[in-house]
Each structure stands twice: as C-alpha cells, then as structure tokens.
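S.K.: Same order as they appear, the protein sequences are chains A and B.
The numbering used here puts the first residue of the first sequence at -2, with every later residue one more than the last.
The numbering used here puts the first residue of the second sequence at -2, with every later residue one more than the last.
Where is the CB? At the ideal position from N, CA and C, for every residue including glycine.
Please read these numbers as outputs of a predicted model, since none were measured by experiment.
Let me begin by handing over the structure; questions about it come next.
There are 2 protein chains.
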Amino acid sequence: MRKKIRAIQYGVGPIGAAIVRLLREKQAVEIIGAIDTDPAKAGRDLGEVVGAAHAPWGIKVSADAAKVLSEAADVVMHSTSSYLSDVAEQLLECLAAESCVVSTCEELAYPFRKHPGIAAKLDATAKDWGVALVGTGVNPGFVMDKLVLTLAAVSQRVEAAKAIRIVDASKRRLPLQKKIGAGMTLEEFKEKVAAGVVKHHGLPESVAMVSDGLGLGVEEITETIEPVVAREPVKTEFLEVAAGQAAGLHQIARGLAGGQEKVYMELQMYVGAKESSDTIELSGQPNIRMTIPGGTHGDIATAAVVVNSIPAILDAPAGLRTSRDLPMCFFPPTAKP
Amino acid sequence: MRKKIRAIQYGVGPIGAAIVRLLREKQAVEIIGAIDTDPAKAGRDLGEVVGAAHAPWGIKVSADAAKVLSEAADVVMHSTSSYLSDVAEQLLECLAAESCVVSTCEELAYPFRKHPGIAAKLDATAKDWGVALVGTGVNPGFVMDKLVLTLAAVSQRVEAAKAIRIVDASKRRLPLQKKIGAGMTLEEFKEKVAAGVVKHHGLPESVAMVSDGLGLGVEEITETIEPVVAREPVKTEFLEVAAGQAAGLHQIARGLAGGQEKVYMELQMYVGAKESSDTIELSGQPNIRMTIPGGTHGDIATAAVVVNSIPAILDAPAGLRTSRDLPMCFFPPTAKP
C-alpha cells in the first residue's frame, strides 16, 4: 500500500477548521500537523479546536510554523489571509519545505495582474523545489471563473461573459456578516469600504482569469462596492439590521477591452436575500446560460474545493498553478492513498 | 514565432465538417490534410466539402489514410464511428504516426468497462509513441459526465448523481432525427432498437466516468430505450411524424452499487420537445442542482468541445486520457500558436 498523503493545516480559523474537518474524512489523507499563532489555539488538540465530534485526535496546533513545516508534508492547506503580500513569506516557507500548497488566499487565485512580482517569485521557488501551489476556493476559484471557463468548453466563439452570484448571508458565520457590512449605517458602510474592510476579495482575480481563458483581451478592470439597503428589519443568529441600514454588499467588477465590457461579475451578498443563486451567461456562438438555484454555499463549498484540489495539485507540474489549469473534480472519501 | 499546430481531420461527415469549419477559425491551427473514404468527398477540396464560405482552401480530402497521416500532424481530429472496435485500427495508425488524437467516438470517451482490452492497447501504444488521445464531445464527454464531476468540486460528500438532458431534435440534421427513430411506427422503433440502430451512444460511458470520479462504486450499468410517442403531428425540415408514431427516444442508463441506484442518466431526444434543457443533480453535502435552460446544442457543442480540447491533449501526459483528466476549457480563436 502507498503511504497516505501527509497534510498540514496552516491557519485554523473558521475556513481552516472546515477544511480540517473535511480532510479528516478522506481515507487517503493523514493530518500530521497544524499551525496557528492564536494563543487560544496554539498548544491545544486540533480536533478540539475545530470542534470535531471524536476529539482529541492527538495532533497539537502549534504556533511554530518552521517546526511543523519541517515535517515535509506532501501538501499544506493554507488559510490565513486574503492578501497575497501578507502571506507570500508563509507560502515560500511551505514551498521550501518541499510541500505543495492549496491556499484560500483570494489574491493567489490569479495573481498575475495585481502581484506579478510575487507571482513570479512563487512560481520560480515552487519550480526550484519541485512542488506546485494554487490559490482556490468557491469564489474566486470556482463559481465565477473555473465554472465559466468549463462551460465555455461547449462554445465555438465567446464575445462576453457574465457571472452573477446572489448569497443570502443570514445563515453564514458572524465574521462574514461583518465583512459584508450587515447592520452598518450607510455612512459607516461607506467608511468601511473606503478603509478596505467591507469587501469581498477576488472579483478582479476572477475577471482576469476569465478574460485570459476566453481570450477576451481585458485591459482594464474596475470594481465598485455599494450597500444593499435593508427595506425592513432583518435578524440573524448573530446580529440585527434595521430598515435603512446596510444588509450587505453589492459588488460589481467589470473587465473592459477597447472600452467595451467583456466580463461582468456581480456579487450580491446580504442578509435577507430572498433566494441565493449562481448564474453564468456566455454571449457568443452559442449563447448559453447556466444557473445553480440556491447557489453554492460559500463555507461548505470553499472547504470542498480546497480539499478536492489535493489530488490535482499533487499531480500538477511544479510551479504556480491556478484553478484554470487544474481539472477541478471530486476527491472521494474512500479514495485509496 | 512557434509553428502552428498542424491538424488532420479524419472523417468528414456532418460532425467532422463542423469540426473543420471551427478549426479553420483558430489562428494557432493549420489544417494540413483530411481523410474520408467516401468517393463523393475523396479528391475534392476540403473547404468545398465542408461548405465553407471562402473555399477552395487548397487542401484535398484523401481516401489514403496512411499517406495523409505520414505528414505527422500534431493532432488528428477523428470522427468516423461510434463503435470503438470499428475505429481501433484507425486510432492506432494515428498514434503510430506520432499524432495526438481527439476523437468523437462515443465508446472511447470512457472505454474501460466495455473495451478494457482495446483501452489498454491504445494506452500502451500512445505511451510508446509519446502522444495522448481522448474521446470526447458534448455527450459523452461533457454535459452528462465532465460537468457533473466539475460541479462536484464544491461537494464535501456525494451520495448519488443524476443528469437529465432534454433535446428538441426538430432543428437537428436528418441523420440524427433518423437515429432517434423520429417518424417510425412504434413497432419499427422497437425493431430498430433491438437492431442497435436507434440509440444514442455513450450513456453507459458517462455513468462509468461519473461513478469512478465520484467514488460511487457502481458495479452494474443498465440501459433502456423507449420511444417518445407523438401526441400530435410534428413536421420538421426533413420529415413528418404522425400522432402515435415515435417522435424520438427516451433513454435511461442507471448505475447500481449494492442494488442501490447511484447514477441516473436520462436522455429525451425527440422532435417537438417543448424546451431543451440540461439538468444535473448531486445528492450529498450539499445537495446541489444546476440547469442549462435551452440546453447545449449537440452539433455546435460537439465540434466546440472537440476543438477546445486540442491545447489540453497536446499538453497531456502520453497515454489514453478522458475528459475526466483534462482541464476542459476554451480555445480562443486568437490564441497564439
């Protein structure tokens, strides 16, 4: 029998915990360590930290990244920040430990426009060490980019692409409800947008990936963030939104080529949305439309996409990969190591 | 500048012609030859045979496969038959010419259950010559298998998969309307099904690919073909269907594991269908449903999927590949060679 895939979890926040719980279900995977600098987590049992039913697991969360990474895992599941410049050193450290990396860092999903220097360095370092890394998740990484490109496999010609994602955030975790500005006054919302706090990360990355994959030649990417204003009070498990306050965000990214809109990505993420859904439209030959009624649940799907990417990243040529390159699929729990 | 991708078309029937017309739009591709044994085509100009607007192209269709293949194309687009045993020698000849192959042969889409011997031989031969081959198209190859597996990238657990494809065949070409039994009496339909003439090829291949990709452990695949009975007369450009006659077929393939239905694929393909659509449902965590209202047009999409597979097959490791392994995407017309 082949040895199991040895995995390390880097970052045990809400998404990291969801990844770990799912990883634990895969027979082909052995979790050999976890890294988190939060004093409330470091030193504790990983199973207990992630709220697993059958804890403890006998795996300690450690704040000492270098020590954990020295175990030379096959793959590091990385989930610490949305900003590539914040995590570049962490990623380089993983690569130097000769581990492949699957990261939820949104800016890593398609980093070539915003961070060409870091992208080149990560790619070169990964090749030096003979490993591959990818930034992925549900969005960016799947519904607004990979799925668009996959659907275009049936297209003879594509002139423009559109993706609209509507998410009812009512049942989502508190940090997410805060990140989308739910319960803020409109003035506060505006301030937080200006401060970069209220924002979904990754739309420009999706626009760039779609433009490159479809050959749409987008030269300029714009992005706007407006509040969705609550018409009536909304109450979630975590917070209350009064009528007239922000219920969440309405974010639009556009990709323009020669002044024409080639890619349009719209995200409505707010508490009290009547129905969640994902919709993709390709204009061309043929025109084609796809919908996922009810949408793809962000947290469940993010953990799923990340864990399902493991076989593909282990199999990928060394270097910086994106979900565009990888055959995104499913990692069966009963798959053999 | 790199040289263009040199392509040969093997089989210039309706699908082959659609492939050729699309190939011609790709700046990165040069068509260097075409093979067809039909005396009505052999010796004529390829552009004229496929009904291109700007013919002649100065490329002759030839009945001499060996001679054309000796040009050692980078890729052969193969479209001659649905039956793998009928085309195995053709495929081996392409591989021995050191050409990659993209074929529309439905049984090649996932040949491991029905033709394990041929599959092994093709795989070994492809590896010997350092090239890759794949059988693909819209169905099998995309809507009922690859798209199902791609959607499962957002799944944490999958218990069962279902794909339902409804195709209004009214606007489709005559051979297809005949293949689905449109205009036959119910008795004739039954005879033609028994003779293997009225049939859509590829559902069991899709069931097998989905079972393997999702780890569903399907042991047995069943298939039934029933007529869709016309309730009122239907007239198409090519034929007339009287009330009470067959308007087309209703074909169902099931994948069973331990007596339980794990994969369900349903194809309704008939003239007069009110609305075409493709629907995929995954049961598990989460349940997820995707629809393509209007469906993916068979002929347009088949040519598209096949031509769009070229960059992936040229980039793939040597051997027999399936659409399960390849990152299905779009091949931009303006892509550089």
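1) Given a cut-off of 8 Å on the beta-carbon distance, is the pair Gln248/B and Glu278/B in contact?
2) Let me see if you follow: with CB-CB separation under 8 Å, is Phe139/A close to chain B or not?
3) Taking C-alpha atoms, which residue in Asp142/A, Ser306/A, Val304/A, Val231/A lies nearest to Gly269/A?
4) Going by alpha carbons, who is nearest to Met197/B out of Met262/B, Pro53/B, Ala123/B, Leu311/B?
5) Which of the residues in the stretch 210 to 228 of chain A, read from start to end, lie with their CB under 7 Å from any CB of chain B?
6) Scan the stretch 36 to 76 of chain A and note each continuous beta strand (DSSP E) run of 3 residues or more that stays entirely inside, going in chain order.
7) From which residue to which residue does the beta strand (DSSP E) around Pro290/B run?
8) Could you tell me the distance, in whole angstroms, from the CA atom of Gln265/A to the CA atom of Ser306/A?
9) Distance, Cα to Cα, Asp120/A vs Gly10/B?
10) List, in order along the chain, the chain B residues whose C-beta lies closer than 8 Å to that of Ser74/A?
11) Under a CB-based cut-off of 8 Å, is Gly178/B close to chain A?
12) Is the shortest distance between the beta-carbon of Val135/A and the beta-carbons of chain B less than 8 Å?
13) What are the uninterrupted segments assigned as alpha helix (DSSP H) that are 4 or more residues long and contained completely in the stretch 189 to 235 of chain A, given in chain order?
14) Does the beta carbon of His51/A sit closer than 8 Å to a beta carbon anywhere in chain B?
15) Using a C-beta cutoff of 8 Å, does Thr319/B count as contacting chain A?
16) Could you check the C-alpha separation between Gln242/A and Val190/A for me, to the nearest Å?
17) Report all residues from its chain with a CB closer than 6 Å to the CB of Gly44/B; omit the five preceding and five following residues, and keep chain order.
18) Determine whether the beta carbon atoms of Ala25/B and Asp71/B lie at a separation below 8 Å.
19) Unbroken beta strand (DSSP E) runs of length 3 or more, entirely within the stretch 97 to 146 of chain B: which are they?
20) List the residues of chain A that Cys326/B touches, going by C-beta distances under 8 Å, in chain order.
21) Determine whether the beta carbon atoms of Cys102/A and Val84/A lie at a separation below 8 Å.
22) What does Ala332/A reach in chain B if we use C-beta pairs closer than 8 Å?
23) Between the C-alpha atoms of Lys271/B and Asp165/B, what's the straight-line distance to the nearest angstrom?
24) Residues of the stretch 301 to 314 of chain B with a CB closer than 7 Å to any CB of chain A: list them in chain order, please.
25) At a Cβ threshold of 8 Å, is His197/A touching chain B?
26) Among the residues of its own chain, which have a CB less than 8 Å from the CB of Thr331/A, if the five just before and after it don't count?
27) According to DSSP, which residues form a beta bridge with Met266/B?
28) On the three-state DSSP scale, how would you describe Leu174/A?
29) Tell me which same chain residues have a C-beta within less than 7 Å of the C-beta of Ala315/B, skipping the five on either side of it?
30) In chain E, which residues lie less than 7 Å from Ala298/B when you measure between Cβ atoms?
31) Which class does Arg251/B belong to by DSSP, given the choice of helix, strand or coil?
32) Can you tell me where the alpha helix (DSSP H) holding Thr299/A begins and where it ends?
33) In whole angstroms, give me the CA-to-CA distance for Ile310/A and Glu229/B.
34) Quick check: the stretch 206 to 226 of chain B against the stretch 143 to 154 of chain B, are there 3 or more CB pairs under 8 Å?
35) Just mark Gln87/A as buried or exposed, buried being the case when its beta carbon has 16 or more other beta carbons within 10 Å.
36) Using the C-alpha atoms, what's the distance from Phe235/A back to Leu171/A?
M.R.: According to the structure shown:
1) Position 251 of the second sequence, counting from 1, holds the residue named residue 248/B. Position 281 of the second sequence, counting from 1, holds the residue named residue 278/B. Contact flag unset, no.
2) For this step, residue 139/A is matched to residue 142 along the first sequence. Yes, Phe139/A lies at the interface with chain B (some Cβ there is under 8 Å from its Cβ).
3) As a working mapping, residue 269/A is identified with position 272 in the first sequence. Comparing Cα-Cα distances from Gly269/A to each of Asp142/A, Ser306/A, Val304/A, Val231/A, the minimum goes to Val231/A.
4) Numbered from its first residue, the second sequence carries residue 197/B at position 200. The question names Met, but residue 197/B in the sequence shown is His. Checking every option, the nearest Cα to that of His197/B belongs to Met262/B.
5) If you check each beta-carbon in the stretch 210 to 228 of chain A against every beta-carbon of chain B, the ones closer than 7 Å belong to Gly210, Leu211, Gly212.
6) You should have 72 to 75.
7) Here residue 290/B is taken as the residue at index 293 of the second sequence, counted from 1. That run of the beta strand (DSSP E) goes 285 to 290.
8) Position 268 of the first sequence holds residue 265/A. Position 309 of the first sequence holds residue 306/A. Going by C-alpha positions, Gln265/A is about 26 Å away from Ser306/A.
9) Here residue 120/A corresponds to residue number 123 of the first sequence, with the count starting at 1. Here residue 10/B corresponds to residue number 13 of the second sequence, with the count starting at 1. For the pair Asp120/A and Gly10/B, the Cα-to-Cα distance works out to about 45 Å.
10) For the purposes of this step, residue 74/A is taken as the residue at position 77 of the first sequence. Here the sequence assigns Met to residue 74/A, which means Ser is not the residue at that position. At a beta-carbon threshold of 8 Å, none of the residues of chain B lie near Met74/A; the nearest stands roughly 14 Å away.
11) Looking up residue 178/B in the second sequence gives position 181. No, Gly178/B lies away from the interface with chain A (no Cβ there is under 8 Å from its Cβ).
12) For this step, residue 135/A is matched to residue 138 along the first sequence. Yes, contact with chain B.
13) Qualifying alpha helix (DSSP H) stretches, in chain order: 200 to 211.
14) Sequence index remark: in the first sequence, residue 51/A carries index 54 (1-based). With 8 Å as the cut-off, His51/A does not count as an interface residue toward chain B.
15) Working through the second sequence from its first residue, we reach residue 319/B at position 322. It does not: the Cβ of Thr319/B has no partner Cβ on chain A nearer than 8 Å.
16) For this step, residue 242/A is matched to residue 245 along the first sequence. For this step, residue 190/A is matched to residue 193 along the first sequence. When only Cα atoms are considered, Gln242/A and Val190/A end up about 15 Å apart.
17) Position 47 of the second sequence, counted from the start, is the residue given in the question as residue 44/B. For Gly44/B, same chain residues with a beta-carbon under 6 Å away, outside a window of 5 residues either side, are Ala52, Pro53, Trp54 in chain order.
18) In the second sequence, counting from the first residue as 1, residue 25/B sits at position 28. In the second sequence, counting from the first residue as 1, residue 71/B sits at position 74. Going by C-beta atoms, Ala25/B is not nearer than 8 Å to Asp71/B.
19) Secondary structure within the stretch 97 to 146 of chain B: the beta strand (DSSP E) runs of 3 or more consecutive residues, fully enclosed, are 97 to 100, 129 to 132 (chain order).
20) Here residue 326/B corresponds to residue number 329 of the second sequence, with the count starting at 1. Under the 8 Å cutoff, chain A gives Leu146, Thr147, Ala149, Ala150, Gly210, Arg321.
21) Sequence index remark: in the first sequence, residue 102/A carries index 105 (1-based). Sequence index remark: in the first sequence, residue 84/A carries index 87 (1-based). Taking the C-beta atoms as reference points, Val84/A is found nearer than 8 Å to Cys102/A.
22) The sequence position of residue 332/A within the first sequence is 335, counting from 1. Simply Gly212.
23) The residue given as residue 271/B occupies position 274 in the second sequence. The residue given as residue 165/B occupies position 168 in the second sequence. One alpha carbon belongs to Lys271/B, the other to Asp165/B, and they sit about 7 Å apart.
24) Residues passing the 7 Å Cβ filter: Ala301, Val302, Asn305.
25) Along the first sequence, read from residue 1 onward, the residue named residue 197/A stands at position 200. No - not a single Cβ of chain B is within 8 Å of the one on His197/A.
26) If you number the first sequence from 1, residue 331/A lands on position 334. Closer than 8 Å at Cβ, skipping near neighbours: Gln24.
27) By one-based count along the second sequence, residue 266/B stands at place 269. Note: Met266/B is bridge-paired with Val164/B, Leu246/B in the DSSP secondary-structure output.
28) Counting from one through the first sequence, the residue named residue 174/A turns up at place 177. According to the sequence as given, residue 174/A is Gln; it is not Leu. Gln174/A: helix per DSSP, three-state reduction.
29) Stepping through the second sequence from its first residue, residue 315/B is reached at position 318. Counting only Cβ-Cβ distances below 7 Å, and skipping sequence neighbours, we find Ala123, Lys124, Gly127, Val128, Ala129.
30) Structure shown: chain E not included; protein chains present are A and B.
31) By one-based count along the second sequence, residue 251/B stands at place 254. Assignment of Arg251/B by DSSP, reduced to helix, strand and coil, places it in the strand class.
32) Position 302 of the first sequence holds residue 299/A. Start and end: 295 to 305.
33) To locate residue 310/A, count along the first sequence from 1; it is residue 313. To locate residue 229/B, count along the second sequence from 1; it is residue 232. Ile310/A and Glu229/B: Cα-Cα distance of roughly 54 Å.
34) In the pairwise beta carbon analysis, the stretch 206 to 226 of chain B is classified as touching the stretch 143 to 154 of chain B: at least three pairs are separated by under 8 Å.
35) Along the first sequence, one-based indexing puts residue 87/A at 90. Around the C-beta of Gln87/A, 16 or more other C-beta atoms lie within 10 Å, and the residue is accordingly described as buried.
36) Numbered from 1 along the first sequence, position 174 holds the residue referred to as residue 171/A. Numbered from 1 along the first sequence, position 238 holds the residue referred to as residue 235/A. Taking the straight line joining both Cα atoms gives about 6 Å.
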